[in-house]
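Enquirer:
In my numbering, the protein residues as written are 83 to 334.
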């Protein structure tokens with residue numbers, strides 16, 4: 083999964099006695115494959131000379147990402163749309179500067195609860211076959227639903243892809259998620275991935291989309307390492323934030 087930040091989170095006194103738990107922001111796709119070109123038209127790269135986080139286009143003026151990405155951002159950032167090869171021109175790109183960042187008011191940088199943020203573009207994007215918004219969820223997705231995560235995050239330590247990577251992952255039950263990360267999972271988080279390891283999002287994927295049956299169900303948030311056994315990716319549960327997203331975009 084995507085992982086960029088290290089956040090030490092101590093949830094209960096006995097966990098302090100056992101160990102300090104590191105919540106690592108997800109930054110890459112491990113075990114996936116190159117996406118079919120232009121098949122993820124809502125995928126966004128937040129770019130400051132390199133792809134440091136992903137994002138999701140929601141309208142011609144708004145992008146959704148992870149709140150923890152803001153800690154690494156300058157005041158403005160280049161929002162790259164319509165990309166496939168992040169380093170080579172594809173002829174479909176649109177590069178637009180950000181105008182403002184709006185973190186969710188309940189974002190907690192220690193626990194990563196409400197790890198969600200809206201970014202307003204400085205000018206509207208041109209919507210076409212290569213740049214198109216993702217659909218917000220009409221309901222929360224069921225356990226076992228197969229979803230797709232995408233991004234330009236690392237394939238393995240120190241190796242980052244030029245071309246957009248995709249990976250299919252199943253949504254895990256709340257119990258499975260809690261057992262993987264005891265006392266760290268809130269009602270605003272979902273887990274997706276494979277308990278046997280080997281496939282995950284990772285550094286550079288943070289803020290990117292988890293799409294399930296054509297709807298945006300997750301934003302890449304955090305995890306322990308990348309593609310480790312019994313440590314699936316953790317995503318912000320977008321269905322809990324639809325009202326906040328719509329109200330914030332409407333108020334400008």
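Yeah, the Cβ is synthetic: ideal placement off N, Cα and C, and Gly gets one too.
How big is the Cα-Cα spacing for residue 135 and residue 217?
Expert: 20 Å
Enquirer: Which one of 326, 318, 331, 334 has the shortest CA to CA distance from residue 195?
Expert: 318
Enquirer: In its own chain, which residues sit with a C-beta less than 6 Å from the C-beta of residue 257, not counting the 5 before and 5 after it?
Expert: none
Enquirer: Leaving out the 5 sequence neighbours to the left and right, which residues in its chain are closer than 6 Å to residue 151 when beta-carbon positions are compared?
Expert: 135, 288, 289
Enquirer: Where do the N-terminal and C-terminal ends of the alpha helix (DSSP H) with residue 257 fall, by residue?
Expert: 256-262
Enquirer: For residue 270 and residue 233, what's the separation of their Cα atoms in angstroms?
Expert: 22 Å
Enquirer: Would you tell me roughly how many angstroms separate the C-alpha atoms of residue 235 and residue 242, rounded to the nearest one?
Expert: In a straight line, the C-alpha of residue 235 is about 6 Å away from that of residue 242.
Enquirer: What are the start and end residues of the alpha helix (DSSP H) that includes residue 326?
Expert: Taken as a continuous stretch (DSSP letters only), the alpha helix (DSSP H) holding residue 326 covers 324-333.
Enquirer: Under a Cβ-count criterion, where at least 16 other Cβ atoms within 10 Å of its own Cβ denotes burial, should residue 293 be classed as buried or exposed?
Expert: buried
Enquirer: Quick one: residues in its chain with C-beta nearer than 6 Å to the C-beta of residue 222, no 5 flanking neighbours on either side, listed in chain order?
Expert: 321
Enquirer: According to DSSP, residue 175 sits in a beta bridge with which residue or residues?
Expert: Bridge partners of residue 175: none, in fact.
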